[in-house]
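Asks: Take this structure, written in structure tokens, and hold onto it; I'll ask about it next.
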């Protein structure tokens, strides 16, 4: 899935460390444009750079200080907040979308997108949210739904990774065994049932259950070879 260019804006951050944490999360998930509205001082020897990891080399020093107006005017904006309205009686924090669903929605946006995060203590104000195009919230415990600013940004960016990361360090697909190898395992299992003395009338059902189990498991080639070896040795032992 591909999508628009996505920037991150942090409004009136209260601690430099959270700015650094957000920059690091951006680096983790393939984003580079960091916008800061009324930021705290970001000392290269301070905690912002200390928390930024490799993002201290590019994203953090390349961050631009901008006005809230310029963010609203220049991007399709998504305001991230922990507190939402429960129904359509108020449209400041409703309707909202979760990060898990946001990626599919943003894939259809033609222009540049900006994810907007607010203050650590109070988040985005109603007046700020009223000017943004979309509201996003992370489902969490009703008893304590408020995440740390850096945590919230990391969760949202993770859910958008299919739009922002071309390739991860993990394989996208499993190395599923070849159909012939899997069929051979089914035959090996059938031989094992015979050697075991499993009741003949129950064997067809047992083999169907085994086939369905393997169908869900999608074993790798190595897993199939290992299981075939186990069943072969067990069958030989039973026939001694």
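Numbering (my numbering), first residue to last: 50 to 289.
Virtual Cβ for every residue (Gly too), placed ideally from N, Cα, C.
Here the structure is a predicted model, which is why all the values come from computation and not from measurement.
Assuming residue 125 is part of the beta strand (DSSP E), what are its boundary residues?
Replies: Position 76 of the chain shown holds residue 125. Residue 125 -> beta strand (DSSP E) spans 125 to 129.
Asks: Check the C-beta distance from residue 160 over to residue 53 and give it rounded, since I have them as a contact under 8 Å.
Replies: Counting from one through the chain shown, the residue named residue 160 turns up at place 111. Counting from one through the chain shown, the residue named residue 53 turns up at place 4. Rounded, the Cβ-Cβ distance is 6 Å, consistent with contact.
Asks: Do residue 212 and residue 164 have their CB atoms nearer than 8 Å?
Replies: As a working note, residue 212 is residue 163 in the chain shown. As a working note, residue 164 is residue 115 in the chain shown. For residue 212 and residue 164, no; Cβs fall outside 8 Å.
Asks: The beta strand (DSSP E) with residue 145 in it runs from where to where?
Replies: Here the question's residue 145 lines up with position 96 in the chain shown. Segment: none, residue 145 is in no beta strand (DSSP E) and carries neither H nor E.
Asks: If distances are taken between C-alpha atoms only, which option among 261, 60, 263, 281 comes closest to residue 119?
Replies: Looking up residue 119 in the chain shown gives position 70. Closest by alpha carbon: 60.
Asks: I believe residue 83 touches residue 115 by the beta-carbon criterion, under 8 Å. Please report the beta-carbon distance rounded to the nearest angstrom.
Replies: For the purposes of this step, residue 83 is identified with residue 34 of the chain shown, where counting begins at 1. For the purposes of this step, residue 115 is identified with residue 66 of the chain shown, where counting begins at 1. Incorrect: roughly 10 Å between the Cβ atoms, too far for contact.
Asks: Can you tell me whether DSSP reads residue 225 as helix, strand or coil?
Replies: Position 176 of the chain shown holds residue 225. The answer is strand: DSSP assigns residue 225 an E or B state.
Asks: Leaving out five residues before and five after residue 291 in sequence, what residues of the same chain have Cβ atoms less than 6 Å from its Cβ?
Replies: Outside the shown range of the chain, which is 50 to 289, sits residue 291, and nothing can be said about it.
Asks: In or out: residue 177 buried (at least 16 other Cβ within 10 Å) or exposed?
Replies: Sequence index remark: in the chain shown, residue 177 carries index 128 (1-based). Label assigned to residue 177: buried.
Asks: Return helix, strand or coil for residue 283, following the three-state DSSP convention.
Replies: The count along the chain shown starts at 1 and reaches residue 283 at position 234. Here residue 283 sits in helix by DSSP.
Asks: Please report how far the alpha carbon of residue 291 lies from the alpha carbon of residue 259, in whole angstroms.
Replies: Since the first residue shown for the chain is 50 and the last is 289, residue 291 is missing from the structure and cannot be characterised.
Asks: Contact between the region 248 to 263 and the region 228 to 239: three or more CB pairs below 8 Å?
Replies: Yes, since at least three Cβ pairs between the region 248 to 263 and the region 228 to 239 fall closer than 8 Å, the two stretches touch.
Asks: Thinking residue 167 and residue 74 are a contact (beta carbons under 8 Å), I'd like their distance in whole angstroms, please.
Replies: Counting from one through the chain shown, the residue named residue 167 turns up at place 118. Counting from one through the chain shown, the residue named residue 74 turns up at place 25. In fact, because the Cβ distance is near 16 Å, the residues do not count as touching under 8 Å.
Asks: If you drop the 5 nearest sequence neighbours on each side, which residues of the same chain put their C-beta closer than 8 Å to that of residue 235?
Replies: Your numbering for residue 235 matches position 186 in the chain shown. Same-chain partners within the cutoff: 256, 259, 260, 263.
Asks: Report yes if the C-beta distance between residue 170 and residue 267 is below 8 Å; otherwise report no.
Replies: The residue labelled residue 170 in the question sits at position 121 within the chain shown. The residue labelled residue 267 in the question sits at position 218 within the chain shown. Not in contact: residue 170 and residue 267 (Cβ atoms no closer than 8 Å).
Asks: Is the separation between the beta-carbon of residue 283 and that of residue 194 shorter than 8 Å?
Replies: For the purposes of this step, residue 283 is taken as the residue at position 234 of the chain shown. For the purposes of this step, residue 194 is taken as the residue at position 145 of the chain shown. Not in contact: residue 283 and residue 194 (Cβ atoms no closer than 8 Å).
Asks: Could you pull out every residue in the same chain whose Cβ sits closer than 7 Å to the Cβ of residue 287, ignoring the five residues on either side in sequence?
Replies: Start at 1 with the first residue of the chain shown, and residue 287 comes out as number 238. Excluding sequence neighbours, residue 287 sits near 244, 245.
Asks: With DSSP run on the structure shown, which of helix, strand or coil describes residue 162?
Replies: As a working mapping, residue 162 is identified with position 113 in the chain shown. Of the three classes helix, strand and coil, the one that applies to residue 162 here is strand, per DSSP.
Asks: What does the alpha-carbon distance come out to for the pair residue 36 and residue 226?
Replies: With the chain represented from 50 up to 289, any question about residue 36 goes unanswered, as that position is not in the structure.
Asks: If you draw a straight line from the alpha carbon of residue 158 to that of residue 192, how long is it in whole angstroms?
Replies: As a first step, residue 158 is located in the chain shown; it is residue number 109 there, counting from the start. As a first step, residue 192 is located in the chain shown; it is residue number 143 there, counting from the start. C-alpha separation (whole angstroms): 34 Å.
Asks: In the DSSP assignment, what residue or residues form a beta bridge with residue 172?
Replies: Locating residue 172 in the chain shown gives position 123, counting from the first residue. For residue 172, which the question treats as bridged, DSSP gives the partners 168.
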